[in-house]
Amino acid sequence: MNAFSHPAAVAPTIGYASDERALIPPAVKPRKTGTRRRLALGRAIPFGALIGPALLLVVWSIGSVAGLIDPRTLPAPWSVVGTAVDLIAEGKLQGHLMTSAWRAAQGLVFGVLIGTVLALISGLSRLGEAIIDGPVQIKRAIPTLALIPLLMLWFGIGEGMKVTTIALAVLIPIYIQTHSSLRSIDSRYVELAQTLRMGYGEFIREVILPGALPGFFLGLRFAVTYAWLSLVVVEQVNATSGIGYMIDLARNYGQTDIVIVGLVLYALLGLASDGIVSFFQERSLSWRRTLAD
592 MNAFSHPAAV
602 APTIGYASDE
612 RALIPPAVKP
622 RKTGTRRRLA
632 LGRAIPFGAL
642 IGPALLLVVW
652 SIGSVAGLID
662 PRTLPAPWSV
672 VGTAVDLIAE
682 GKLQGHLMTS
692 AWRAAQGLVF
702 GVLIGTVLAL
712 ISGLSRLGEA
722 IIDGPVQIKR
732 AIPTLALIPL
742 LMLWFGIGEG
752 MKVTTIALAV
762 LIPIYIQTHS
772 SLRSIDSRYV
782 ELAQTLRMGY
792 GEFIREVILP
802 GALPGFFLGL
812 RFAVTYAWLS
822 LVVVEQVNAT
832 SGIGYMIDLA
842 RNYGQTDIVI
852 VGLVLYALLG
862 LASDGIVSFF
872 QERSLSWRRT
882 LAD
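Be aware that the sequence shown starts at 592, since it is given in the numbering used here, and climbs by one per residue.
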């Protein structure tokens, strides 16, 4: 009889092997393909941006019908729509809209141009950063609206003061985001450009500008918002036209429905301009793969 065939001789071997297997962590079984959960955001919801405003409008309508909202404090949605139709029929709303859009466009263009140029000079040169970055950071710490009294002394109370105020509010996010993107470009791209013996102009065109675009568009989205926010205030300073002037005049006469029309118009303009910037952002940065894709 072989000793290894005896149960008593085999038992210790079996127990030792089972102890070794207990020390080995069990293999992680892969999940079935059909039940695997995707870690990304998933598909975009059609017209998802309209769901929140639609719910807000429903709550507003229900509160007005149920009498929970005082019409003197917040008129019903249909009353606001009726007031807007009357203003359009009289031609007042279009005139105020064109004036406000022109002011915002001027301030936005000047602010974007100045902010971009300053960001390029500061982002691509140590000397430029030493000269420019400090004053811009000081301006960043000072609210633009706090400068209105000083701007009124310098530029008067006309259009120059209004456009300058908007431009000052716009250039800060453009500068900050563009400068940050420039300084965040991977140094390996710089080394690759040196290896390929790129000229400075080609280096700017092929490496710097594409690397700065994400930050520039992010800053532009903030800039558009700041332009409309600044416009609300400056149009209430010695203005004779514009949406802000219309709102301020309606406030003096207690016309809440006209105030709501002006606010809704500001919201629509802000959303529309942000949507335009987002459209160009997606087209210009289509080469990137992000979590939202």
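C-beta: ideal position from N, C-alpha, C; glycine also.
At the level of alpha carbons, what is the spacing between residue i and residue j?
i, j, result
"Q846", "A803", "47 Å"
"P740", "G747", "10 Å"
"Q768", "G810", "5 Å"
"I838", "A830", "11 Å"
"G749", "Q827", "12 Å"
"I642", "G790", "50 Å"
"G751", "A695", "12 Å"
"S670", "P662", "9 Å"
"P734", "V761", "12 Å"
"H770", "V798", "14 Å"
"F870", "A692", "20 Å"
"A863", "A640", "12 Å"
"I795", "S775", "15 Å"
"G682", "I867", "26 Å"
"Y844", "R634", "49 Å"
"D777", "L859", "38 Å"
"L840", "E793", "54 Å"
"I660", "I653", "9 Å"
"L646", "Q785", "55 Å"
"P637", "S877", "20 Å"
Of the residues the options, which one's Cα is nearest the Cα of residue i?
i, options, result
"G806", "E681, G714, V855, V825", "G714"
"G673", "E720, A863, D848", "D848"
"A732", "P801, I763, S864", "I763"
"W819", "G654, L742, I795, D865", "D865"
"L699", "F813, I776, I712", "F813"
"Q872", "L822, P801, A667", "P801"
"D724", "I705, A737, L709", "L709"
"L648", "I636, Q685, L665", "L665"
"H687", "R796, L742, L822", "L822"
"K730", "T707, Y766, V656", "Y766"
"L736", "I679, Y817, L684, T690", "Y817"
"V727", "E793, T707, P637, A680", "T707"
"Y857", "I722, M689, Q785, Q697", "M689"
How is the alpha helix (DSSP H) around residue i delimited, first residue to last?
i, result
"D865", "847-875"
"I705", "683-715"
"R796", "That residue, R796, is in no alpha helix (DSSP H); it is neither H nor E in DSSP."
"T891", "No answer is possible for residue 891: the residues shown for the chain start at 592 and end at 884."
"P644", "642-656"
"M743", "739-746"
"T786", "778-786"
"A841", "834-843"
Are the beta-carbon atoms belonging to residue i and residue j less than 9 Å from one another?
i, j, result
"F808", "S716", "no"
"G702", "I757", "yes"
"K753", "V825", "yes"
"L711", "L773", "yes"
"V855", "A675", "yes"
"S655", "P668", "yes"
"T755", "L742", "yes"
"L738", "L704", "no"
The stretch 819-834 in contact with the stretch 773-787 per 3-pair CB rule at 8 Å
Per the Cβ contact rule, the stretch 819-834 is not in contact with the stretch 773-787 (fewer than 3 Cβ pairs under 8 Å).
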